[in-house]
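Each step along the sequence shown adds one to the number in the working numbering, with nothing skipped, and position 233 is 264. Notes to accompany the following structure.
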Amino acid sequence: MIRKLKESDRQISLNFLSEEPAINLFIIGDIENNGFDEDFQELWGSFNENNDLVGILLRYHESFVPYFNYKNFNVEGFKRIINSFHGCKIISGKESIVVKFIDILKDPKVKYMNFCELKNRGKLSDNKNNVFIATEKDAKEVYDLLLSIDEFDTISTNSPERISENIRSKTSRIYYSKNEEDEICAVTQSTAECTKAAMIVGVACKKEDRKKGHVTKCLSSLCDDLLKEGKSLCLFYDNPKAGNIYHRLGFENIDRWTMALEKEREEV
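Structure below.
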């Protein structure tokens with residue numbers, strides 16, 4: 032049986048998701064931060080014959096994150112829910128789960144990434160020179176930096192206004208480093224923060240300022256502050272060079288993360 036989850040389901044949902052807290056960081060964070068009554072967010076639960084929760088589907092705007100914890104889970108109910116929404120959809124999550132949903136997307140672009148976790152600061156750098164915490168006035172310069180990086184598709188996923196709003200609402204922290212010309216040259220961000228964990232995203236550096244320690248300083252500073260708050264940290268990557276930096280700072284691979292983006296459907 033599948034039904035919409037509501038506030039009274041909060042504890043059983045969080046208990047279920049806590050079986051794999053790193054993998055379920057986005058769902059846990061969205062429940063803690065947004066609850067069950069926002070127009071842009073919905074959650075459905077799948078229950079077995081004993082009324083035990085065995086699967087959860089999150090919708091956050093156009094993005095869907097399914098999760099279940101056994102191989103023979105019947106995904107058809109979740110597929111029907113996702114298919115009932117029109118427009119471009121994104122399905123993301125644990126690789127072994129997302130691959131079961133890709134067939135419902137039209138001409139999908141699929142990206143596979145390594146999923147890492149950091150639990151202690153033992154390998155972080157103590158050098159925090161010229162590392163700053165971004166404020167709203169920095170939003171445009173941060174956006175321009177991200178826009179200049181080939182690896183980032185910031186046009187469709189970000190804007191100066193969204194960055195500014197994330198800073199203002201404290202849903203994201205952005206740390207940046209400046210070069211000798213007093214320009215922002217490297218950034219790293221947190222997102223999906225919840226009580227026990229946070230996701231690291233948007234790690235970027237200008238090409239001409241790479242291999243100078245800027246990313247290491249920014250990332251170490253952000254991670255250190257989050258770890259001091261008792262959070263474990265997660266990130267995903269598909270660039271081996273970036274992976275080398277993360278592993279050097281103590282991140283360890285725990286799984287594979289998959290994101291499937293649907294081609295925009297044509298109006299009929």
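Every residue gets a Cβ at the ideal spot worked out from N, C-alpha and C, and that includes glycine.
Is residue 215 near residue 269, with beta carbons less than 8 Å apart?
As a working mapping, residue 215 is identified with position 184 in the sequence shown. As a working mapping, residue 269 is identified with position 238 in the sequence shown. No; because the gap between Cβ atoms is not below 8 Å, this pair is not in contact.
Since residue 124 sits in a beta bridge, which residues does DSSP pair it with?
Stepping through the sequence shown from its first residue, residue 124 is reached at position 93. Note: residue 124 sits in a beta bridge opposite 289.
When DSSP labels each residue in this structure, what does residue 284 get in the three-state scheme?
By one-based count along the sequence shown, residue 284 stands at place 253. Strand at residue 284.
Proximity below 8 Å, CB of residue 198 to CB of residue 165:
Within the sequence shown, the letter at position 167 stands for residue 198. Within the sequence shown, the letter at position 134 stands for residue 165. Yes, Cβ-Cβ distance for residue 198 and residue 165 is below 8 Å.
Closest by CA to residue 289, which one among 118, 236, 125, 248?
Position 258 of the sequence shown, counting from 1, holds the residue named residue 289. Ranking 118, 236, 125, 248 by Cα distance to residue 289 puts 125 first.
Using C-beta distances below 7 Å, list every residue in its chain close to residue 19, excluding the 5 sequence neighbours before and after it, in chain order.
Shown here, the chain extends from 32 to 299; a query on residue 19 therefore has no answer.
Between the C-alpha atoms of residue 100 and residue 209, what's the straight-line distance to the nearest angstrom?
Numbered from 1 along the sequence shown, position 69 holds the residue referred to as residue 100. Numbered from 1 along the sequence shown, position 178 holds the residue referred to as residue 209. Cα to Cα, the separation comes out at about 44 Å.
With respect to the beta strand (DSSP E) encompassing residue 146, which residues constitute its N-terminal and C-terminal limits?
Sequence index remark: in the sequence shown, residue 146 carries index 115 (1-based). It spans 140-149 - the beta strand (DSSP E) in which residue 146 sits, taken as one unbroken run.
For residue 68, count neighbouring Cβ atoms within 10 angstroms of its own Cβ and tell me buried if that reaches 16, exposed if not.
By 1-based counting over the sequence shown, the position of residue 68 is 37. Counting Cβ neighbours within 10 Å, residue 68 comes out exposed, since fewer than 16 surround it.
From 176, 147, 132, 161, residue whose alpha carbon lies closest to that of residue 273:
The residue labelled residue 273 in the question sits at position 242 within the sequence shown. Answer by Cα proximity: 147.
Expected contact under 8 Å - CB spacing of residue 217 and residue 181 to nearest Å:
Your numbering for residue 217 matches position 186 in the sequence shown. Your numbering for residue 181 matches position 150 in the sequence shown. Not a contact, Cβ separation roughly 15 Å.
Looking at C-beta atoms only, is the number of pairs between the segment 129-146 and the segment 276-293 that lie closer than 8 Å three or more?
yes
Going by other Cβ atoms of all chains shown within 10 Å of its Cβ, with 16 needed for buried, is residue 187 buried or exposed?
Translated into positions along the sequence shown, residue 187 becomes position 156. Low confidence applies here, because residue 187 scores a pLDDT of 49, under 50, leaving its location unreliable; read the following figure in that light. Burial call: exposed.
Nearest-angstrom Cα separation, counted from residue 177 out to residue 185
One-based indexing of the sequence shown puts residue 185 at position 154. One-based indexing of the sequence shown puts residue 177 at position 146. Its pLDDT being 46, under 50, residue 185 is placed unreliably in this model, and the coordinates cannot settle the point.
With DSSP run on the structure shown, which of helix, strand or coil describes residue 241?
Start at 1 with the first residue of the sequence shown, and residue 241 comes out as number 210. It is coil, neither helix nor strand.
Among 242, 85, 235, nearest to residue 46 - alpha-carbon criterion
For the purposes of this step, residue 46 is identified with residue 15 of the sequence shown, where counting begins at 1. Among 242, 85, 235, the Cα nearest to that of residue 46 is on 85.
Bridge-paired residues (DSSP) for residue 222:
Counting from 1 along the sequence shown, the entry for residue 222 is found at position 191. Beta-bridge pairing links residue 222 to 230.
Nearest to residue 74 by alpha carbon, out of 52, 38, 82, 83?
As a first step, residue 74 must be located in the sequence shown, where it is residue number 43. Nearest option by C-alpha distance: 38.
Per-residue DSSP class, three states only, for residue 34:
Counted from its first residue, the sequence shown places residue 34 at position 3. In this structure, residue 34 counts as strand in the three-state DSSP scheme.
Answer with buried or exposed for residue 140, where buried requires no fewer than 16 other C-beta atoms within 10 angstroms of its C-beta.
Numbered from its first residue, the sequence shown carries residue 140 at position 109. So residue 140 ends up on the exposed side.
Give the DSSP-derived three-state secondary structure of residue 112 in the structure shown.
Here the question's residue 112 lines up with position 81 in the sequence shown. Of the three classes helix, strand and coil, the one that applies to residue 112 here is helix, per DSSP.
Pick from 191, 106, 278, 151: whose alpha carbon is nearest that of residue 76?
If you number the sequence shown from 1, residue 76 lands on position 45. Cα-wise, what sits closest to residue 76 is 106.
Once the 5 residues before and after residue 36 are set aside, which same chain residues still bring their CB inside 7 Å of it?
Counting from 1 along the sequence shown, the entry for residue 36 is found at position 5. Around residue 36: 44, 67, 74, 75, 76.
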